[in-house]
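Engineer:
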Amino acid sequence: MHENFQIKNLEEYFKIYRKSVEYPNAFWEEIAEKNFVWREKWKTIMSGDFESTNIKWFEGAKLNITENCIDRHLDKQGDKTAIIFEPNNPDEKTEHISYNNLSKRVNKFANILKQKGIKKGDRVCIYLPMIPELAISVLACARIGAIHSVVFAGFSSQALSTRINDSKCKLIITSDGSYRGRKTINLKEIVDEALNDCSCIEKVLVVNRINAKINMESGRDEWVEPLLNKASDICEPEIMEAEDPLFILYTSGSTGKPKGMVHSTAGYMVYTAYTFKNIFQYNENDIYWCTADIGWITGHSYIVYGPLANGATTVMFEGVPNYPDYGRFWEIIEKNKITQFYTAPTAIRALAKENLKFVEKHDLSSLKVLGSVGEPINEEAWNWYNENIGKKNSPIVDTWWQTETGGIMISPIPYVTPTIPTFATLPLPGIQPAIMNSNQEELQGNQVEGSLCIKYPWPGIARTIWGDHNRYKQTYFSTFKDMYFTGDGAKRNEVGYYRLTGRVDDVIIVSGHNLGTAPIEDAINEHPNVAESAIVGFPHKIKGNALYGYITLKNTTNNEDLLRNEINQIITEQIGPIAKLDKIQFTIGLPKTRSGKIMRRILRKIASNEISDLGDVSTLLNPEIVDEIIKRRI
Ligand code: 7RM
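Counting from 1 along the sequence shown, just add 7 to a position and that's the residue number in our numbering.
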């Protein structure tokens with residue numbers, strides 16, 4: 008992204024923002040025109056609208072995103088480091104992958120995929136730890152026009168098979184295992200189990216990471232390394248249409264199965280590259296580190312695509328913040344002279360509770376920008392981050408966005424936007440937020456609070472839910488007319504800054520992971536003795552939110568703890584340990600409306616101990632149950 012597209016001061020921001028609202032298409036066209044390589048230019052900049060949910064950007068254009076992320080940098084900066092790989096174990100060598108080397112490895116991997124019969128439009132599942140092959144296989148898919156579906160390697164075999172089957176992946180890329188702190192995890196075993204339920208998978212490519220002895224099914228499973236050794240390092244990029252899907256990424260919904268959000272090629276590229284350049288004020292020799300896993304949208308947009316499209320150096324960290332000790336993040340910052348550091352409030356809260364010695368041991372003076380993402384950052388964590396990591400010298404960018412938005416939407420621009428703790432501050436150019444009340448009215452002016460919507464399409468918006476366009480329409484475009492509904496609440500303060508107040512639906516964010524209540528309840532309800540369950544979130548010091556389950560049983564039990572363990576076991580198997588319940592209360596009933604809907608609002612308040620203000624319970628079918636639940640709350 009050219010320097011001219013980097014906003015330098017507040018006056019310039021307001022000027023550009025106004026232009027982007029007045030002439031959104033011209034605004035994005037100039038960015039697209041001057042910052043990327045296109046095989047063919049677009050015929051239309053933008054078409055469609057939220058009402059008919061048929062948004063298209065740069066239609067008619069042809070490109071390959073890997074030419075933009077890799078090839079075009081080779082002439083001028085082929086030897087520059089593209090990816091720094093920090094292994095789990097600090098005694099293992101840090102790896103510096105140059106753009107030249109990345110190019111060769113991506114092309115080799117792309118050629119293997121082709122050999123295995125993968126063609127443009129085929130879906131490839133990637134289930135890998137945070138090792139270079141994860142970024143490489145993502146880019147290899149993009150190289151040949153295959154649609155990648157990365158599944159976070161902490162997910163269970165059931166979660167994996169659901170996702171594989173939903174988008175009918177033909178091939179899966181995995182590893183024998185992974186390292187996480189002191190633990191090793193046998194990923195291939197999890198894949199084998201998942202594949203018992205997946206008939207669509209034809210081939211399994213296995214990266215060797217932990218030298219484990221694993222089962223290799225002949226005809227189906229193959230080690231990647233010998234194939235890579237033989238493969239050519241030249242692979243012509245598949246020329247894609249602007250609107251061809253680039254990837255699918257699953258995110259939990261408030262009901263039913265996970266939603267496979269589909270992102271486009273051109274719009275997503277333009278949006279992630281532009282936001283990366285501005286929000287991290289990335290300059291040529293900076294070393295940027297985002298601690299997310301590539302299994303989440305943050306990793307897709309701000310470890311892989313956004314940074315590489317800018318020719319940046321991006322760090323991939325395989326490990327965890329507390330191994331070998333709580334100083335690991337700060338050690339990595341010192342060692343690599345990190346200039347931009349992007350992490351989640353849950354990590355900040357966990358590290359803030361440890362001895363400051365872990366921070367003070369390290370020289371963090373290279374830092375220029377600190378980022379936060381995933382959930383609202385509370386004031387205490389914000390201050391700790393600012394004082395102890397930034398030494399009050401690095402602006403904090405509290406970046407609000409979603410899997411669905413593709414990239415950052417509301418955020419300060421560092422050294423441009425004055426920050427206030429807990430405020431994500433102002434929308435990026437091209438983004439038009441609206442705060443709505445429950446009567447479908449937009450609240451004008453400042454000092455208002457309501458549901459956050461976006462009024463005008465931006466290039467990074469997900470185009471559909473894989474295989475279910477109707478659900479896409481229903482979820483995002485039916486609550487408010489001709490607007491994208493985010494599912495989040497927000498308020499605008501007296502100067503027009505936005506503060507995100509949390510989800511307004513049944514998605515709970517635990518340690519930065521979006522968890523839908525419905526799939527967890529579905530899992531619990533499979534226990535033979537569970538009659539019904541309702542999951543709510545309650546505030547938790549480290550995780551932001553934790554889960555509280557209210558469960559009615561078929562038969563009473565004399566060993567509640569055993570039952571609690573069994574329930575959490577089912578959740579671990581079906582969703583993953585992240586979704587385990589912190590508290591489980593067995594109850595003889597759940598508060599319900601007359602139409603039979605569980606009143607989660609009341610359960611949420613009880614779980615949060617806000618029992619003095621339960622609101623109106625008189626409309627309930629069974630108001631007497633409320634006192635009973637309060638009496639026995641945990
Ligand atoms: C990037 C990501 C999306 C949900 C979103 C919000 C919450 C994310 C912030 C935030 C307050 C923030 N994608 N959220 N960032 N809330 N302040 N800076 O996290 O799809 O996994 O989650 O996360 O509720 O709707 S996501």
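Glycine is no exception: its CB is placed at the ideal position from the N, C-alpha and C atoms. Since the model is a prediction, treat every value here as computed from it, not as a measurement.
Distance check for Lys342 and Phe492, CA to CA, integer angstroms please.
Structural biologist: For this step, residue 492 is matched to residue 485 along the sequence shown. For this step, residue 342 is matched to residue 335 along the sequence shown. Rounded to whole angstroms, Phe492 to Lys342 spans 42 angstroms at the Cα level.
Engineer: Could you tell me if Lys210 is buried or exposed, where buried requires 16 or more neighbouring beta carbons within 10 angstroms of its beta carbon?
Structural biologist: Residue mapping note: residue 210 aligns to position 203 of the sequence shown, counting from 1. The residue is buried, with at least 16 neighbouring Cβ atoms inside 10 Å.
Engineer: Would you identify the three-state DSSP class for Met8, choosing helix, strand or coil?
Structural biologist: To locate residue 8, count along the sequence shown from 1; it is residue 1. Three-state DSSP puts Met8 in coil, outside helix and strand.
Engineer: Please state the DSSP three-state secondary structure of Phe492.
Structural biologist: As a working mapping, residue 492 is identified with position 485 in the sequence shown. Phe492: strand per DSSP, three-state reduction.
Engineer: Where do the N-terminal and C-terminal ends of the beta strand (DSSP E) with Gln347 fall, by residue?
Structural biologist: Indexing the sequence shown from 1 puts residue 347 at position 340. 347–350 is the extent of the beta strand (DSSP E) around Gln347.
Engineer: Is the Cβ-Cβ distance between Tyr24 and Pro436 less than 7 angstroms?
Structural biologist: Numbered from 1 along the sequence shown, position 17 holds the residue referred to as residue 24. Numbered from 1 along the sequence shown, position 429 holds the residue referred to as residue 436. Yes. Within cutoff.
Engineer: Taking 7 angstroms as the cut-off, decide whether the C-beta atoms of Gln447 and Phe487 are in contact.
Structural biologist: Here residue 447 refers to the residue found at position 440 of the sequence shown. Here residue 487 refers to the residue found at position 480 of the sequence shown. Contact: yes.
Engineer: So what's Ile420 in DSSP terms, helix, strand or just coil?
Structural biologist: What you label residue 420 is simply residue 413 of the sequence shown in a count that begins at 1. In the structure shown, Ile420 adopts coil according to DSSP, grouped into three states.
Engineer: Suppose you measure from the CA of Ile72 to the CA of Ala149; what does that come to, to the nearest Å?
Structural biologist: Residue numbering aside, residue 72 sits at position 65 when the sequence shown is read from its first letter. Residue numbering aside, residue 149 sits at position 142 when the sequence shown is read from its first letter. Going from the Cα of Ile72 to the Cα of Ala149 covers about 7 angstroms.
Engineer: Just curious, the alpha helix (DSSP H) that Gly53 is in, first and last residue?
Structural biologist: Along the sequence shown, read from residue 1 onward, the residue named residue 53 stands at position 46. The sequence shown places Met at residue 53, not Gly. Careful: Met53 lies outside any alpha helix (DSSP H), inside the beta strand (DSSP E) at 51–54.
Engineer: For His547, which residues of its own chain have a beta-carbon under 6 angstroms away from its beta-carbon, when the five flanking residues on both sides are left out?
Structural biologist: Reading the sequence shown from its first residue, position 540 is the one you call residue 547. Correct list, in chain order: Ala553.
Engineer: Under a three-way DSSP split, which group does His307 fall into?
Structural biologist: Working through the sequence shown from its first residue, we reach residue 307 at position 300. In this structure, His307 counts as helix in the three-state DSSP scheme.
Engineer: Run through DSSP, which three-state label would Leu377 get?
Structural biologist: As a first step, residue 377 is located in the sequence shown; it is residue number 370 there, counting from the start. Strand.
Engineer: If you pair each beta-carbon of the segment 378–396 with each one of the segment 227–243, do three or more pairs fall below 8 angstroms?
Structural biologist: Verdict: no, contact absent.
Engineer: Give the single residue among Met276, Leu253, Leu141, Met247 whose Cα lies nearest to the Cα of Lys212.
Structural biologist: Looking up residue 212 in the sequence shown gives position 205. At residue 212 the sequence reads Leu, which differs from the Lys that was named. Among Met276, Leu253, Leu141, Met247, the Cα nearest to that of Leu212 belongs to Leu141.
Engineer: Taking only three categories from DSSP, how would you classify Asp78?
Structural biologist: Taking the first residue of the sequence shown as position 1, residue 78 is located at position 71. Helix.
Engineer: Give me the Cα-Cα distance between Phe336 and Asp251, rounded to the nearest whole angstrom.
Structural biologist: In the sequence shown, residue 336 corresponds to position 329, counting from 1. In the sequence shown, residue 251 corresponds to position 244, counting from 1. When rounded, the distance between both Cα atoms is 37 angstroms.
Engineer: In this structure, how does DSSP classify Gly161 when only helix, strand and coil are distinguished?
Structural biologist: Reading the sequence shown from its first residue, position 154 is the one you call residue 161. Note: Gly161 maps to coil in three-state DSSP.
Engineer: Are there any heavy atoms of the ligand 7RM lying less than 6 angstroms away from the beta-carbon of Asn381, as far as the coordinates show?
Structural biologist: Within the sequence shown, numbered from 1, the residue matching residue 381 stands at position 374. Before going on, a small fix: residue 381 reads as Gly here, not Asn. Yes, Cβ of Gly381 sits closer than 6 angstroms to a heavy atom of the ligand 7RM.
Engineer: Less than 7 angstroms between the C-beta atoms of Ala68 and Lys48, yes or no?
Structural biologist: By one-based count along the sequence shown, residue 68 stands at place 61. By one-based count along the sequence shown, residue 48 stands at place 41. It is a contact, given that the beta carbons lie within the stated cut-off.
Engineer: Does Val624 come out as helix, strand or coil in the three-state DSSP assignment?
Structural biologist: Taking the sequence shown and counting its residues from 1, the one referred to as residue 624 is at position 617. Coil at Val624, not helix or strand.
Engineer: Three-state secondary structure (DSSP) at Lys100?
Structural biologist: Sequence index remark: in the sequence shown, residue 100 carries index 93 (1-based). In this structure, Lys100 counts as coil in the three-state DSSP scheme.
Engineer: May I ask you to report which of helix, strand or coil DSSP gives Trp45?
Structural biologist: Counting from 1 along the sequence shown, the entry for residue 45 is found at position 38. Here Trp45 sits in coil by DSSP.
Engineer: Please state the DSSP three-state secondary structure of Asn521.
Structural biologist: If you number the sequence shown from 1, residue 521 lands on position 514. In this structure, Asn521 counts as strand in the three-state DSSP scheme.
Engineer: On the CB-based measure, 16 or more other CB atoms within 10 Å of its CB, does Ile104 come out buried or exposed?
Structural biologist: Residue 104 sits at position 97 when you count from the first residue of the sequence shown. So Ile104 counts as buried.
Engineer: What do you reckon, are the CB atoms on Leu120 and Ile77 nearer than 7 angstroms?
Structural biologist: For the purposes of this step, residue 120 is identified with residue 113 of the sequence shown, where counting begins at 1. For the purposes of this step, residue 77 is identified with residue 70 of the sequence shown, where counting begins at 1. Not a contact, by the Cβ cut-off of 7 angstroms.
Engineer: On a Cα-Cα basis, can you pick out the residue from Thr191, Lys41, His520, Ile52 that is closest to Lys587?
Structural biologist: Taking the sequence shown and counting its residues from 1, one reaches residue 587 at position 580. Looking at the Cα atoms, His520 is the closest of the given residues.
Engineer: Count the other CB atoms, across all protein chains shown, that sit within 10 Å of the CB of Val380; report buried if there are 16 or more and exposed otherwise.
Structural biologist: As a first step, residue 380 is located in the sequence shown; it is residue number 373 there, counting from the start. By the neighbour-count criterion, in which a residue is buried when 16 or more other Cβ atoms sit within 10 angstroms of its Cβ, Val380 is buried.
Engineer: Using a Cβ-Cβ cut-off of 6 angstroms (strictly less than) and excluding sequence neighbours within five positions of Trp391, which residues of its own chain qualify?
Structural biologist: Here residue 391 is taken as the residue at index 384 of the sequence shown, counted from 1. Same-chain partners within the cutoff: Ala359.
Engineer: Report the partner residues of Ala497 according to the DSSP bridge assignment.
Structural biologist: For this step, residue 497 is matched to residue 490 along the sequence shown. Ala497 pairs with Gly457, Leu507.
Engineer: With distances taken from CA atoms, which of Asn218, Asp240, Ser239 is nearest Ala230?
Structural biologist: Along the sequence shown, read from residue 1 onward, the residue named residue 230 stands at position 223. Correcting the residue type first, residue 230 is Trp in the shown sequence and not Ala. The shortest Cα separation from Trp230 among Asn218, Asp240, Ser239 belongs to Asn218.
Engineer: Find out if the Cβ-Cβ distance for the pair Gly583, Ser27 is shorter than 7 angstroms.
Structural biologist: Residue 583 sits at position 576 when you count from the first residue of the sequence shown. Residue 27 sits at position 20 when you count from the first residue of the sequence shown. No.
Engineer: Quick check: is any heavy atom of the ligand 7RM less than 6 angstroms from the C-beta of Ile304?
Structural biologist: Position 297 of the sequence shown, counted from the start, is the residue given in the question as residue 304. At least one heavy atom of the ligand 7RM is nearer than 6 angstroms to the Cβ of Ile304, so yes.
Engineer: So what does DSSP say about Arg150, is it helix, strand or coil?
Structural biologist: Locating residue 150 in the sequence shown gives position 143, where the first residue counts as 1. The answer is helix: DSSP assigns Arg150 an H, G or I state.
Engineer: Let me check one thing: in DSSP terms, what residues is Gly267 bridge-paired to?
Structural biologist: Counting from 1 along the sequence shown, the entry for residue 267 is found at position 260. For Gly267, DSSP records a beta bridge to Tyr257.
Engineer: Take Ile531 and list the residues in its own chain whose beta-carbon comes closer than 6 angstroms to its own, dropping the five residues that flank it on each side.
Structural biologist: Here residue 531 refers to the residue found at position 524 of the sequence shown. Within the same chain, Ile531 has close Cβ partners Val537, Ser540, Ile574.
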